[in-house]
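Letter by letter, the sequence shown follows residues 12 to 244 in our numbering. Below: the structure, in structure tokens.
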Amino acid sequence: MAVFAATVLRSFSGFGFALVAVPVLALFMPPVEVVVLSSAMAFTLSLLTVRSFSSVISLGEIKPLLLMSAAGTVLGVFILKLIPAELFQLCVGVAVLIACMGLMASGTPVSLHVRGLSWLAGLLSGLMNGALAIPGPPIIIYAMLTELDPIRSRALLMAFFLASSAFALIAYAVAGVIELQSVKYYLLSMPALVGGDWLGSRLFDRYGRSLYRKVALLALAALGVSITLRALL
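If you want it as structure tokens, here you go:
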């Protein structure tokens, strides 16, 4: 159910898969298994939806984001091996809250292009990608601040997450942290990924322009508070 809900949110908003799936999975699985499984599912979901964003935005347009994300992901993988389970959950919760507060503070999206902003967003997303399998918060805030059109904002996020999930899987394979158990859970998740993507895409086509930002903020706030409290109590 968590994977299905995460997929619906991601297909609707362009982000949110790891923000929903990782905190829930982290309650039942070791951190390393969680991030490997989440990255594999996110990559598969990106391949399923590539046609919906490839005609809107290209990977070339977000080259600085991708370059810094790749570097940050490698550093994040090494950080992952040092994080205890309790701290892992707390970091996830705090990351979600930061993303939510950033979106609230940004208000109405504006065309903000500050020198070096894309490089910083890419690096921070990469660090969180490798360590937590949650590259979302920095890049979500970046997209909301720089793209006025919800369709382009959603496409930018989808293109970025396709690349970042591929970076993460390569880094995990090199680090030797991919286990057979993760492959088993991945195969079991396929029906939820396909069904959730279909529903989320249909909801965006119908309600995306009017509810895009509201849905994102509500999901981030509820999830951030929930997982942070669980980690602290």
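All C-beta atoms in this analysis are idealised placements derived from N, C-alpha and C, irrespective of residue type, glycine included. What you are looking at is a predicted structure, and each value in this text was computed from that prediction instead of being measured.
- The beta carbons of residue 145 and residue 171 sit about 13 Å from each other, so the pair does not count as a contact at 8 Å.
- The closest CA to that of residue 45, considering only 86, 162, 190, 25, is found on 190.
- In this structure, DSSP gives residue 241 a helical state, which the three-state scheme calls helix.
- Assigned with DSSP and collapsed to three states, residue 72 falls in helix.
- Rounded to the nearest whole angstrom, the CA to CA distance from residue 143 to residue 99 is 7 Å.
- Take residue 132, set aside five residues on each side of it, and the residues of its chain with a beta-carbon closer than 7 Å to its own are 76, 149, 150, 153, in chain order.
- Residue 55 has its alpha-carbon roughly 11 Å from the corresponding atom of residue 18.
- DSSP places residue 167 in the helix class (H, G or I) of the three-state scheme.
- Rounded to the nearest angstrom, the Cβ distance from residue 104 to residue 242 is 5 Å, consistent with a contact under 8 Å.
- The beta carbon of residue 53 lies closer than 7 Å to those of 28, 29, 172, 176 in the same chain, with the five residues before and after it left out.
- Secondary structure of residue 40 (DSSP, three-state): coil.
- Residue burial is scored here from C-beta neighbours: residue 216 has fewer than 16 other C-beta atoms within 10 angstroms and is therefore classed as exposed.
- Here DSSP, grouped into helix, strand and coil, assigns residue 55 to helix.
- Annotation for residue 85: 141, 182 place their beta carbon closer than 7 Å to its own, counting only its chain and skipping 5 residues before and after.
- Under the three-state reduction of DSSP, residue 66 is assigned to coil, being neither helix nor strand.
- Measuring C-alpha to C-alpha distances from residue 69 to each of 194, 169, 24 identifies 169 as the nearest.
- In its chain, beyond the 5 residues on either side, 13 have a beta carbon closer than 7 Å to the beta carbon of residue 35.
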